[in-house]
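Chemist:
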Amino acid sequence: MYNLSTKKETPITTNGSASNPKIYENRIIWKDYRNGDIQNFSNSDIFVYDISTQNETQITSNISDGLTPDIYGDKIVWCANRHESENSDIYIYDLSTSSETQINGNESIKGGLAIFGDKIVWAEYHDEKSIIYMYNLSTSKKTQIATSSNQPYSFAIYEDKVVWAESHNSLVIYMYDFSTQKKIQITTNGSSPLEPVIYGDKIVWIGGRNGNSGIYMCVVSKEGQEPLKPVADFSAVPTYGMAPLKVLFTDNSTGGPTSWIWDFGDGINSKHALNATHTFTEPGKYNISLIVMNPTFGSKHIPTSKYS
Numbered sequence: 108m109y110n111l112s113t114k115k116e117t118p119i120t121t122n123g124s125a126s127n128p129k130i131y132e133n134r135i136i137w138k139d140y141r142n143g144d145i146q147n148f149s150n151s152d153i154f155v156y157d158i159s160t161q162n163e164t165q166i167t168s169n170i171s172d173g174l175t176p177d178i179y180g181d182k183i184v185w186c187a188n189r190h191e192s193e194n195s196d197i198y199i200y201d202l203s204t205s206s207e208t209q210i211n212g213n214e215s216i217k218g219g220l221a222i223f224g225d226k227i228v229w230a231e232y233h234d235e236k237s238i239i240y241m242y243n244l245s246t247s248k249k250t251q252i253a254t255s256s257n258q259p260y261s262f263a264i265y266e267d268k269v270v271w272a273e274s275h276n277s278l279v280i281y282m283y284d285f286s287t288q289k290k291i292q293i294t295t296n297g298s299s300p301l302e303p304v305i306y307g308d309k310i311v312w313i314g315g316r317n318g319n320s321g322i323y324m325c326v327v328s329k330e331g332q333e334p335l336k337p338v339a340d341f342s343a344v345p346t347y348g349m350a351p352l353k354v355l356f357t358d359n360s361t362g363g364p365t366s367w368i369w370d371f372g373d374g375i376n377s378k379h380a381l382n383a384t385h386t387f388t389e390p391g392k393y394n395i396s397l398i399v400m401n402p403t404f405g406s407k408h409i410p411t412s413k414y415s
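Count along the sequence shown starting at 1, add 107, and that's the number in our numbering.
1) Could you tell me the boundaries of the beta strand (DSSP E) in which GLN146 lies?
2) Enumerate, from N- to C-terminal direction, the unbroken beta strand (DSSP E) stretches of 3 or more residues contained entirely within the segment 219-271.
3) Give the straight-line distance between the Cα atoms of THR295 and VAL279, rounded to the nearest whole angstrom.
4) Can you tell which of VAL228, ASN376 and SER112 has its C-alpha closest to the C-alpha of ALA253?
5) Among GLY315, TYR156, SER255 and GLY123, which one has its Cα closest to the Cα of GLU235?
6) Going by alpha carbons, who is nearest to TYR323 out of PHE341, GLY218 and THR365?
7) Among THR386, ALA350, ASN401 and ASN147, whose alpha-carbon lies nearest the alpha-carbon of ILE78?
8) Pick out whichever of THR204, MET241 and SER203 has its Cα sitting closest to the Cα of LYS217.
9) Expressed to the nearest angstrom, what Euclidean distance is found between the alpha-carbon atoms of VAL326 and LYS309?
10) Measuring only the C-alpha atoms, how far is ILE158 from PRO345?
11) Under 7 Å, do ILE210 and ILE197 count as touching if we go by C-beta distance?
12) Specify the secondary structure class of PRO176 as computed by DSSP and reduced to three states.
13) Using 7 Å as the threshold, is the C-beta distance between ASN122 and ARG134 below it?
14) Rounding to the nearest angstrom, what Cα-Cα distance links THR204 and GLY180 in this structure?
15) Take ILE395 as the anchor and find which of PHE371, ILE145 and GLN288 has the nearest alpha-carbon.
16) Tell me whether ILE130, by its Cβ, gets closer than 6 Å to a heavy atom of the ligand MN.
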């Protein structure tokens, strides 16, 4: 764990058998193979660590428990196979009452579990299609929210929006808005996005371009719930002077751009730099342009005035 206030890193486990950590307020949960087989990723359990008390507690003891855990408030949810079949059940553990409840039967293979508030979302994999469900803890009602011909996984929820990844020809991220009941494709550029997460109107994921991986972000508009188009804009200091002149270009673009291409007007370009510094070695007037892109759209900005 890394504390942003104290800038201090603290080990929570040291046995080398932990994976898939999640955090909510003062509690950290994870999947642990200390009682199972980490080499074959089988027989894991779920543990919770209370940051305030520094106490660790084992939540599950069944050797089939521990798949896809998530936490919100006092509730921990996970998928488990306790019936020696491919199908799995969904369980919820209430930390306030130390009680476990099964909320869904084992009629299908499940994956991609996530919880936020009273909503639990997961996918069920069938022969011809996958179905994404939402279970409301307040009403005890299970509702189908979307379907797919692929296998959705890696779900994350924030308030009334849920995101996940699917495999088409390449990986693609989708979002479902409970308020509009619409499923929206977020990425289209074949960057093989992984592990999407969401907070507010921002979706973040791991993506790869040109053989390199990086962190990418998409800002979703509140009005139409569509990915925002970036609008390129920048400023420069200084804008005139004697050569050689060193100029700092600052990006002021909006719409959640994830890549930047600068053209300094002298035959030199700078790619994928949020802000850029460039030295003009020859006297003259230069047309500077900036192209910004996010995973869905692109935008170009050329100021009306020249830099001299």
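We put the CB at the ideal spot given by N, CA and C, even for glycine.
Modeler: This is what the structure holds:
1) Residue mapping note: residue 146 aligns to position 39 of the sequence shown, counting from 1. Note, GLN146: premise wrong, no beta strand (DSSP E); not H, not E.
2) 226-232, 237-243, 248-255 and 260-265
3) To locate residue 295, count along the sequence shown from 1; it is residue 188. To locate residue 279, count along the sequence shown from 1; it is residue 172. Cα to Cα, the separation comes out at about 7 Å.
4) If you number the sequence shown from 1, residue 253 lands on position 146. Cα-wise, what sits closest to ALA253 is VAL228.
5) Reading the sequence shown from its first residue, position 128 is the one you call residue 235. With distances taken between Cα atoms, GLU235 lies closest to SER255.
6) One-based indexing of the sequence shown puts residue 323 at position 216. The option with the nearest alpha carbon to TYR323 is THR365.
7) This structure does not reach residue 78, given that the chain is present from 108 up to 415, and the question cannot be answered.
8) Taking the first residue of the sequence shown as position 1, residue 217 is located at position 110. The candidate whose alpha carbon is nearest that of LYS217 is MET241.
9) As a working note, residue 326 is residue 219 in the sequence shown. As a working note, residue 309 is residue 202 in the sequence shown. Roughly 5 Å between the two C-alpha positions.
10) Reading the sequence shown from its first residue, position 51 is the one you call residue 158. Reading the sequence shown from its first residue, position 238 is the one you call residue 345. If I take the Cα positions, the gap works out to 49 Å.
11) Sequence index remark: in the sequence shown, residue 210 carries index 103 (1-based). Sequence index remark: in the sequence shown, residue 197 carries index 90 (1-based). Cβ distance < 7 Å, so ILE210 and ILE197 count as in contact.
12) Position 69 of the sequence shown, counted from the first residue, corresponds to residue 176. Three-state DSSP puts PRO176 in a strand.
13) Translated into the one-based positions of the sequence shown, residue 122 becomes position 15. Translated into the one-based positions of the sequence shown, residue 134 becomes position 27. No, these two residues do not count as a Cβ contact at 7 Å.
14) Taking the sequence shown and counting its residues from 1, the one referred to as residue 204 is at position 97. Taking the sequence shown and counting its residues from 1, the one referred to as residue 180 is at position 73. The straight-line gap from Cα to Cα measures roughly 13 Å.
15) Here residue 395 refers to the residue found at position 288 when the sequence shown is read from its first residue. Cα-wise, what sits closest to ILE395 is PHE371.
16) Among the components modelled here there is no ligand, and therefore nothing to report on the ligand MN.
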